[in-house]
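For what it's worth, the working numbering labels the leading residue of the sequence shown as 97, then goes sequentially.
To keep things clear, I will list the structure first and then write my remarks on it.
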Amino acid sequence: MKKIVKFGGSSLASSEQFKKVGTIIRSDQSRRYVVPSAPGKRFANDTKITDMLYRCYEQAVNGKDFETALSAIAKRYQEIIDGLSLKLSLKKEFDAIRDNFKKKAGRDYAASRGEYLNGIVLAAYLDFSFVDSADVIRFHEDGTFDPVLTNQLLKDRLSAVEYAVVPGFYGATKDGKIVTFSRGGSDVTGSLVALAIEADLYENWTDVSGFLIADPRIVSNPKCIETITYKELRELSYMGASVLHEDAIFPVRKAGIPINIKNTNAPEDPGTLIVEGTCKKPKYTITGIAGTDGFVSINIEKAMMNSEIGFCRKVLQVFEDYNISIEHTPSGIDTMTIFVHKDEFEEHEQQVISGIHKAVNPDHIELEPDLALIAIVGRGMRATRGTAGRIFSALAHAHINVKMIDQGSSELNIIVGVRHDDFENAIKALYDIFVLTQI
Ligand code: ASP
97 MKKIVKFGGS SLASSEQFKK VGTIIRSDQS RRYVVPSAPG KRFANDTKIT
147 DMLYRCYEQA VNGKDFETAL SAIAKRYQEI IDGLSLKLSL KKEFDAIRDN
197 FKKKAGRDYA ASRGEYLNGI VLAAYLDFSF VDSADVIRFH EDGTFDPVLT
247 NQLLKDRLSA VEYAVVPGFY GATKDGKIVT FSRGGSDVTG SLVALAIEAD
297 LYENWTDVSG FLIADPRIVS NPKCIETITY KELRELSYMG ASVLHEDAIF
347 PVRKAGIPIN IKNTNAPEDP GTLIVEGTCK KPKYTITGIA GTDGFVSINI
397 EKAMMNSEIG FCRKVLQVFE DYNISIEHTP SGIDTMTIFV HKDEFEEHEQ
447 QVISGIHKAV NPDHIELEPD LALIAIVGRG MRATRGTAGR IFSALAHAHI
497 NVKMIDQGSS ELNIIVGVRH DDFENAIKAL YDIFVLTQI
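Structure below.
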């Protein structure tokens, strides 16, 4: 059994957190490859090391004195080193960082040092080998990621080391220029290492006990999702639920490696298992509820629209011309509705309306702002009768008017559109009916 374990920033924010991580890793010998993030927030108003590095680098490139900012970063690491009673000095590393900042080595280089230094500290604490991601995670010259070479480099390198720390978030081009993934990218590194070593499991340790069925800012104390498929996760994260970096899914999914989201502060909790497929019956009919606010609908009416060949294409072309992405297009016989993101649409609103008039000469166009979309996702829906009925009766009981309905052909999700003012109540009503009353 081989496991790869990735620890997020809050799991490694202080020496106390490092100790928890050490206990978790040492308690299971199959936890052989460790991917750390940079130290994150220790308390609500704290600053992540990554953000401190971005700021410090900005001062450096603007010709300002950045010594105070750099010392604050060094202090954070020194506190961890002292708290762990390690005999380790990062002086050489910080001298190199100072020089490279003066030489304007790049924002990505700056940010990557958070994971790089944390990797060095963690490897020393665990007595694992340190593998610099600049040597094994490869980017093309244009900054795009090279999955093929990365997989080869990781395989070659890690086959020779039994226990290693590989810092998350960054890699390098063949000439050694450091490139990072987007924010939260250590999840991606974890996934790449899991793929390369053909891991049995990718454990992703964070500060929550897995994915929650609904947003805790809306529903109080929502339950955790025990098992979720990659497809369900994609639906939920598209709608705004996020714990894991999107790009972390593809490499492991392809290889059939499950991901277990675990809580460093409650390691005995089972967390959420993300799998390609499962026969396990889900506990509730629905797996999760997620939603996003900030949509506008454009309702277009024209008599005999249904017989006008090319009508939809001409309308959609107008949106494409202004680079506006379309979320949903529910339609009736003589009506077509387009859901778009308000912030993308607003800027070109009048041009789009006149473009539609020119393209299809409609009888009437109406805009409806302040809409929200809610996705009710669950593989259990396929085998359960009456899910849609329960959704709509729950919303009706909560006096919520449904503006739009869309059931994906996979029967994995139902999306409903509601007014912004009804958004939170709709989510609460759905959680109540599917989870609290357990129908
Ligand atoms: N430290 C980076 C960030 O704050 C990457 C990560 O934590 O995954 O985004």
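We treat Cβ as the ideally placed atom computed from N, Cα and C, and that holds for glycine.
Only a predicted model underlies this, so the values are computations on that prediction, with no experimental measurement involved.
The Cβ atoms of residue 298 and residue 217 do not sit closer than 7 Å to each other. In the same chain as residue 374, and ignoring 5 residues on each side of it, the C-beta atoms closer than 7 Å to its own belong to 323 and 325, in chain order. Selection 501, 250 and 260 evaluated against residue 267 yields 250 as nearest (Cα-Cα). A direct Cα-Cα distance of roughly 28 Å separates residue 450 from residue 498. A direct Cα-to-Cα measurement between residue 341 and residue 286 gives close to 11 Å. In this structure residue 133 is buried. Its beta-carbon is surrounded by 16 or more other beta-carbon atoms within 10 angstroms. For residue 117, the enclosing alpha helix (DSSP H) stretches over residues 111 to 122. For a cut-off of 8 Å, the C-beta gap from residue 351 to residue 471 is around 27 Å, too long to register as a contact. The criterion of a C-beta distance shorter than 7 Å is satisfied by residue 259 and residue 128. In the same chain as residue 146, and ignoring 5 residues on each side of it, the C-beta atoms closer than 6 Å to its own belong to 134, 207 and 210, in chain order. With contacts defined by Cβ atoms closer than 7 Å, residue 496 and residue 518 form a contacting pair. Scanning its chain for C-beta atoms nearer than 7 Å, with the 5 sequence neighbours on each side dropped, one finds around residue 524 the residues 314 and 315, in chain order.
Every alpha helix (DSSP H) of 4 residues or more that sits fully in the segment 387 to 434 is shown, in chain order, as 407 to 417. The Cβ atoms of residue 392 and residue 438 sit closer than 7 Å to each other. Contact check for residue 430 against residue 464 fails: the beta carbons are separated by 7 Å or more. It is roughly 26 Å from the alpha-carbon of residue 283 to the alpha-carbon of residue 378. Distance from the CA atom of residue 353 to the CA atom of residue 126, rounded to whole angstroms, is 15 Å. Annotation for residue 155: no beta strand (DSSP E) segment contains it, though the alpha helix (DSSP H) segment containing it runs 145 to 157. Between the segment 170 to 186 and the segment 224 to 242 there are fewer than three inter-stretch CB-CB distances shorter than 8 Å, so the stretches are not counted as touching. The three-state secondary structure of residue 514, taken from DSSP, is strand. In the assembly as shown, residue 256 is an exposed residue. Its beta-carbon has fewer than 16 other beta-carbons within 10 Å.
Along the length of the segment 461 to 500, whole beta strand (DSSP E) runs at least 3 residues long do not occur. The C-beta distance from residue 263 to residue 300 rounds to 15 Å, too long to fall under 8 Å, and the pair is not in contact. When rounded, the separation of the alpha-carbon atoms in residue 317 and residue 364 is 19 Å. Taking a cut-off of 8 Å for Cβ pairs, the segment 172 to 180 and the segment 103 to 111 touch, as three or more such pairs fall below it. Residue 383 sits close to residue 321, with the two beta carbons spaced by under 7 Å. Remark: C-beta atoms of residue 418 and residue 460 do not approach each other more closely than 7 Å. Beyond the five residues adjoining it in sequence on each side, residue 510 comes within less than 8 Å, by CB distance, of 471, 472, 477, 483, 484, 487, 501, 502, 503 and 504 in the same chain, given in chain order. Taking the Cα positions, residue 242 is about 41 Å away from residue 394.
Between the segment 356 to 363 and the segment 408 to 416 there are fewer than three inter-stretch CB-CB distances shorter than 8 Å, so the stretches are not counted as touching. With fewer than 16 other beta carbons inside 10 angstroms of its own, residue 428 counts as exposed. A residue is called buried when at least 16 other Cβ atoms come within 10 angstroms of its Cβ; residue 532 does not meet this threshold and is exposed. Here residue 234 is bridged, per DSSP, to 268. At a cut-off of 3 residues, the continuous stretches assigned as beta strand (DSSP E) that sit fully inside the segment 300 to 354 are 323 to 325. Straight-line spacing of the CA atoms in residue 198 and residue 157 works out to 7 Å.
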